[in-house]
Amino acid sequence: MSWFKRENGKYESGSGPESATDASGKTVLTEGLWIKCLGCRQIIWKADLEANLNVCPKCQHHFKMGARERIALLLEPGFEFVDTGLRSTDPLNFTDTKSYKKRLAAAQHATGLDDAIVNAIGQLGPHSVVISAMEYSFIGGSMGAVVGETIARAVDRARLTRKPLIVIAASGGARMMEGVASLMQMAKISTTLAQLDDAKVPYICILTDPTTGGVTASFAMLGDLNIAEPGALIGFAGPRVIEQTIRQKLPEGFQRSEFLLEKGFLDAVIPRREMKSYLIRALQFLSV
Ligand SMILES: [Zn+2]
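514 is the number that this note's numbering gives the last residue of the sequence shown; the numbers go up by one with no jumps.
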């Protein structure tokens, strides 16, 4: 990328946002301070982005966010992480380009999590809630047996303590490395959610970018309210697969939050900054 590069050749030193030239002509390393927005393709300060809840200050593109950060954003200080310590046993002893065991170890090391899910209990404004948030950076937020079991525990906890449940979905779908065991999680979580519904405890699902595959096809669409962040990719199969199957061009904005809201698949599209106040009002309404 040419950042300071000029056509006349005067400024050839600029090699992009990783370095800049200060007043005395010295090259200053600025690696990691800048980021290119995926929405407007402008270069933005990382600090500006973080101060704005990882939403582009110029075009409002919602960047991905870690599970723990999302929970901290919604809950009051003093919340507690629960249901930790579950790890996949790699039941199929699976290997593709590298072994599943190695993938798991690398993801655990990189994220500091056991799997692609974090449960927490705490206060959301005046409401005492159970939250389960998916971690996209852990093998694409894919759902294996551990993710399934952890979400099911959050659902059971919500039912037994009669606290509203909030699930934050961010997933590429079922975890192929666990084969059919990963697909069984769809039935498992859906069953516990049916029990939660019978107990009349509210469940809100927040769909973030991306929510696809078996996650969309099960718990992400089963909330009393299904709400999404702006511009999130939400779908079952990817657009290319659908185009090839039905041999038709898909409409503009297909599988994005706003399109799905218009078609009646979602109840609301809420910007990240307004999510907490929206949830507080929604829970007020659902708890009456
Ligand atoms: Zn932008």
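C-beta: ideal position from N, C-alpha, C; glycine also.
Beta-carbon proximity of residue i to residue j, cut-off 8 Å
| i | j | result |
| --- | --- | --- |
| residue 418 | residue 381 | yes |
| residue 548 | residue 378 | Because the chain spans 227 through 514 in this model, residue 548 falls outside it and cannot be assessed. |
| residue 439 | residue 462 | yes |
| residue 432 | residue 392 | yes |
| residue 307 | residue 278 | no |
| residue 365 | residue 401 | yes |
| residue 376 | residue 309 | yes |
| residue 513 | residue 428 | yes |
| residue 385 | residue 350 | no |
| residue 275 | residue 282 | yes |
| residue 453 | residue 496 | yes |
| residue 304 | residue 258 | no |
Cβ-heavy atom distance, residue i to ligand 1, below 7 Å
| i | result |
| --- | --- |
| residue 287 | yes |
| residue 431 | no |
| residue 348 | no |
| residue 292 | no |
| residue 457 | no |
| residue 481 | no |
| residue 272 | no |
| residue 268 | yes |
| residue 265 | yes |
| residue 284 | yes |
CA-to-CA distance, residue j to residue i, given in whole angstroms
| i | j | result |
| --- | --- | --- |
| residue 292 | residue 398 | 15 Å |
| residue 449 | residue 335 | 32 Å |
| residue 424 | residue 388 | 12 Å |
| residue 415 | residue 294 | 21 Å |
| residue 265 | residue 451 | 27 Å |
| residue 287 | residue 434 | 12 Å |
| residue 361 | residue 471 | 31 Å |
| residue 271 | residue 430 | 33 Å |
| residue 240 | residue 280 | The predicted model places residue 240 with a pLDDT of 39, which falls under 50 and marks its position as unreliable, so this point remains unresolved. |
| residue 340 | residue 459 | 26 Å |
| residue 411 | residue 368 | 11 Å |
| residue 483 | residue 396 | 13 Å |
| residue 260 | residue 420 | 46 Å |
| residue 242 | residue 493 | Low confidence applies to residue 242: its pLDDT is 46, below 50, so where it sits in the model is not reliable, and the reading given next is rough at best. Cα to Cα, the separation comes out at about 42 Å. |
| residue 332 | residue 408 | 20 Å |
| residue 465 | residue 437 | 13 Å |
| residue 268 | residue 262 | 6 Å |
| residue 510 | residue 504 | 10 Å |
| residue 508 | residue 498 | 15 Å |
| residue 237 | residue 394 | Caution is warranted here: a pLDDT of 45 is assigned to residue 237, below 50, making its placement in the model unreliable, and the coordinate value is therefore given only provisionally. Going by the C-alpha atoms only, they are around 47 Å apart. |
| residue 199 | residue 337 | Because the chain spans 227 through 514 in this model, residue 199 falls outside it and cannot be assessed. |
| residue 363 | residue 481 | 21 Å |
| residue 457 | residue 487 | 11 Å |
| residue 475 | residue 444 | 27 Å |
| residue 289 | residue 296 | 12 Å |
| residue 235 | residue 324 | Bear in mind that a pLDDT of 47 at residue 235, under 50, signals an unreliable position, so the model cannot answer this. |
| residue 501 | residue 455 | 8 Å |
Which runs of the alpha helix (DSSP H), 4 residues or longer, sit entirely within the segment 391-454? DSSP runs (the alpha helix (DSSP H)) wholly in the segment 391-454: 406-424, 439-442.
Unbroken stretches of the beta strand (DSSP E), 3 residues or longer, contained in the segment 262-297: For the segment 262-297, whole beta strand (DSSP E) runs of length 3 or above, ordered along the chain, are 269-271.
Tell me the start and end of each unbroken alpha helix (DSSP H) in the segment 459-484 that is at least 4 residues and wholly inside, in chain order. Counting whole runs of 4 or more residues, the segment 459-484 contains the alpha helix (DSSP H) stretches 465-472.
Report yes or no: do the segment 319-330 and the segment 294-309 share at least 3 C-beta pairs separated by less than 8 Å? With a cut-off of 8 Å, the segment 294-309 and the segment 319-330 do not count as touching, because too few Cβ pairs lie within range.
Can you check the segment 328-391 for any alpha helix (DSSP H) of at least 4 residues that lies completely inside it and give the ranges in chain order? Listed in chain order, they are 371-387.
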